[in-house]
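Undergrad: Let me give you the structure first, and then I'll get to my questions.
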Amino acid sequence: MPPRKDSPRIEFLAENLAIARETGAALGAVPDWPGVLVVASNPVDPLVTELHRTTGIDRHRVLGYTVNDSVRLRYGIAEALHVQPHRVEAWVLGEHGDHCVPLFHNVQVDGEPVELNPAQRASAQAYLHEWYPRWVRLGVPRTSTWTSGNGIASMVRAIATGGENTWPTSMVLNGEYGITGTAVGVPARLDRDGASVLQWQLPADAWQRMRQAADYVEDALARISPASGRQRPTSAAGH
Numbered sequence: 004m005p006p007r008k009d010s011p012r013i014e015f016l017a018e019n020l021a022i023a024r025e026t027g028a029a030l031g032a033v034p035d036w037p038g039v040l041v042v043a044s045n046p047v048d049p050l051v052t053e054l055h056r057t058t059g060i061d062r063h064r065v066l067g068y069t070v071n072d073s074v075r076l077r078y079g080i081a082e083a084l085h086v087q088p089h090r091v092e093a094w095v096l097g098e099h100g101d102h103c104v105p106l107f108h109n110v111q112v113d114g115e116p117v118e119l120n121p122a123q124r125a126s127a128q129a130y131l132h133e134w135y136p137r138w139v140r141l142g143v144p145r146t147s148t149w150t151s152g153n154g155i156a157s158m159v160r161a162i163a164t165g166g167e168n169t170w171p172t173s174m175v176l177n178g179e180y181g182i183t184g185t186a187v188g189v190p191a192r193l194d195r196d197g198a199s200v201l202q203w204q205l206p207a208d209a210w211q212r213m214r215q216a217a218d219y220v221e222d223a224l225a226r227i228s229p230a231s232g233r234q235r236p237t238s239a240a241g242h
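The numbering used here runs 3 ahead of the 1-based position in the sequence shown.
Written out as structure tokens, the structure is:
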């Protein structure tokens, strides 16, 4: 569905879920469908979760496009540090929305670790969280500028060619990051078989926020389409 002014991503779940189910029904009817399904519609994490459940396609081959969050964090950090954005490496995991999990413990500039002070971190985080609300207030009925088109093309290229690449992508987890049965954004390697999760060491607060992101995704789906027997996300002990 096209964006609506002043509407958060989650508001489009019911409408886009109906469209996604039509797509999923078609793919699920093809025995041994070999492709990788890339979901680029909002809200991406609930849609990936539901498509995996309804199609039966292997969880490694139902992937959500979430790269824009990391791009926006890098721009925010670049502004805070007064450097060019392409010099910054930083990552956002979790839900593609208000429950995203920006990682500040492993920021790099020109390949070297950088520690942001509290003011710089707050500035970068504000850029990340305020970008989408600022954009929807413009009332532009299309996707979010050039980053989505370029990013999706690059993601498809990474799936087609494989290699040593790291991507943030939404996929259903099976114990990784203490979450089972729900899709959130995680670091992964991409190839023709889909995504392989990379298990990064996260600070305790980021680990907890990953679980909260998964709970948010599940709660959003339950409000739209209550169903029995769904497996709730669980967290591993000691994290």
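Where is the CB? At the ideal position from N, CA and C, for every residue including glycine.
Since this is a predicted model, take the numbers as computed values, not measurements.
Using only alpha-carbon positions, find the residue among Leu224, Thr172, Thr52 that is nearest to Val74.
TA: Start at 1 with the first residue of the sequence shown, and residue 74 comes out as number 71. That would be Thr172, whose Cα lies nearest to the Cα of Val74.
Undergrad: For Asp194, which beta-bridge partners are listed by DSSP?
TA: Taking the first residue of the sequence shown as position 1, residue 194 is located at position 191. In the DSSP output, where bridge partners are listed per residue, Asp194 has Gly197.
Undergrad: In this structure, does DSSP put Trp94 in helix, strand or coil?
TA: The residue labelled residue 94 in the question sits at position 91 within the sequence shown. It is a strand residue.
Undergrad: Hey, how far is the Cα of Gln87 from the Cα of Gly79?
TA: Within the sequence shown, the letter at position 84 stands for residue 87. Within the sequence shown, the letter at position 76 stands for residue 79. Going from the Cα of Gln87 to the Cα of Gly79 covers about 10 Å.
Undergrad: From the DSSP output, in three-state form, read off Ser173 for me.
TA: Within the sequence shown, the letter at position 170 stands for residue 173. Ser173 falls in the strand class under three-state DSSP.
Undergrad: Which residues in the same chain have their Cβ closer than 7 Å to the Cβ of Gln123, if we skip the five residues on either side of it in sequence?
TA: Your numbering for residue 123 matches position 120 in the sequence shown. Result list for Gln123: Ala83, Leu84, in chain order.
Undergrad: Which two residues bound the contiguous alpha helix (DSSP H) that contains Pro49?
TA: Here residue 49 is taken as the residue at index 46 of the sequence shown, counted from 1. Unbroken alpha helix (DSSP H) run through Pro49: 47 to 58.
Undergrad: Rounded to a whole number of angstroms, what is the C-alpha to C-alpha distance between Asn109 and Pro34?
TA: Along the sequence shown, one-based indexing puts residue 109 at 106. Along the sequence shown, one-based indexing puts residue 34 at 31. Their Cα atoms are separated by approximately 42 Å.
Undergrad: Are the stretch 152 to 159 and the stretch 116 to 133 in contact at 8 Å, needing three or more beta carbon pairs?
TA: The stretch 152 to 159, when compared against the stretch 116 to 133, does not touch it at the 8 Å Cβ threshold.
Undergrad: Once DSSP output is grouped into helix, strand and coil, what is the label at Leu16?
TA: One-based indexing of the sequence shown puts residue 16 at position 13. Helix, per DSSP.
Undergrad: Which class does Gln204 belong to by DSSP, given the choice of helix, strand or coil?
TA: As a first step, residue 204 is located in the sequence shown; it is residue number 201 there, counting from the start. Of the three classes helix, strand and coil, the one that applies to Gln204 here is coil, per DSSP.
Undergrad: So who's on the other strand from Tyr68, going by DSSP bridges?
TA: If you number the sequence shown from 1, residue 68 lands on position 65. BP columns for Tyr68 point to Thr172.
Undergrad: I need the straight-line Cα distance from Gly31 to Asn168, nearest angstrom please.
TA: Here residue 31 corresponds to residue number 28 of the sequence shown, with the count starting at 1. Here residue 168 corresponds to residue number 165 of the sequence shown, with the count starting at 1. Near 29 Å, if we compare the C-alpha coordinates of Asn168 and Gly31.
Undergrad: Smallest Cα separation from Gly27: which of Ala93, Arg195, Leu50, Glu14?
TA: Taking the first residue of the sequence shown as position 1, residue 27 is located at position 24. Out of Ala93, Arg195, Leu50, Glu14, Leu50 has the C-alpha closest to the C-alpha of Gly27.
Undergrad: Just to confirm, are Met213 and Tyr68 a CB contact at a threshold of 8 Å?
TA: Counted from its first residue, the sequence shown places residue 213 at position 210. Counted from its first residue, the sequence shown places residue 68 at position 65. In this structure, Tyr68 does not lie closer than 8 Å to Met213 by Cβ.
Undergrad: For Asn19, which residues from the same chain have a beta carbon less than 8 Å from its beta carbon, with the 5 sequence-adjacent residues on both sides left out?
TA: Position 16 of the sequence shown, counting from 1, holds the residue named residue 19. Only Met4, Ser44, Asn45, Pro46, Leu50 meet the Cβ criterion.
Undergrad: Between the stretch 200 to 213 and the stretch 176 to 187, do at least 3 Cβ pairs fall closer than 8 Å?
TA: Yes, they touch.
Undergrad: Rounded C-beta distance between Gly165 and Arg195? I'm assuming under 8 Å.
TA: On the sequence shown, position 162 is the one that residue 165 refers to. On the sequence shown, position 192 is the one that residue 195 refers to. Indeed they touch by this definition, with Cβ atoms about 7 Å apart.
Undergrad: If you follow the beta strand (DSSP E) that His85 is in, where does it begin and where does it stop?
TA: Translated into the one-based positions of the sequence shown, residue 85 becomes position 82. Counting along the chain, His85 falls outside any beta strand (DSSP E), and DSSP gives it neither H nor E.
Undergrad: Put Gly184 into one of helix, strand or coil per three-state DSSP.
TA: By 1-based counting over the sequence shown, the position of residue 184 is 181. Strand.
Undergrad: Are there 16 or more other CB atoms within 10 angstroms of the CB of Glu53, so buried, or fewer, so exposed?
TA: Residue mapping note: residue 53 aligns to position 50 of the sequence shown, counting from 1. It is buried - the Cβ of Glu53 has at least 16 other Cβ atoms within 10 Å.
Undergrad: Check for me: the beta strand (DSSP E) holding Pro105 runs from which residue to which?
TA: One-based indexing of the sequence shown puts residue 105 at position 102. Where Pro105 is concerned, the enclosing beta strand (DSSP E) stretches over 103 to 112.
Undergrad: Do you know offhand how far Val65's Cα is from Pro206's?
TA: Along the sequence shown, one-based indexing puts residue 65 at 62. Along the sequence shown, one-based indexing puts residue 206 at 203. One C-alpha to the other measures close to 27 Å.
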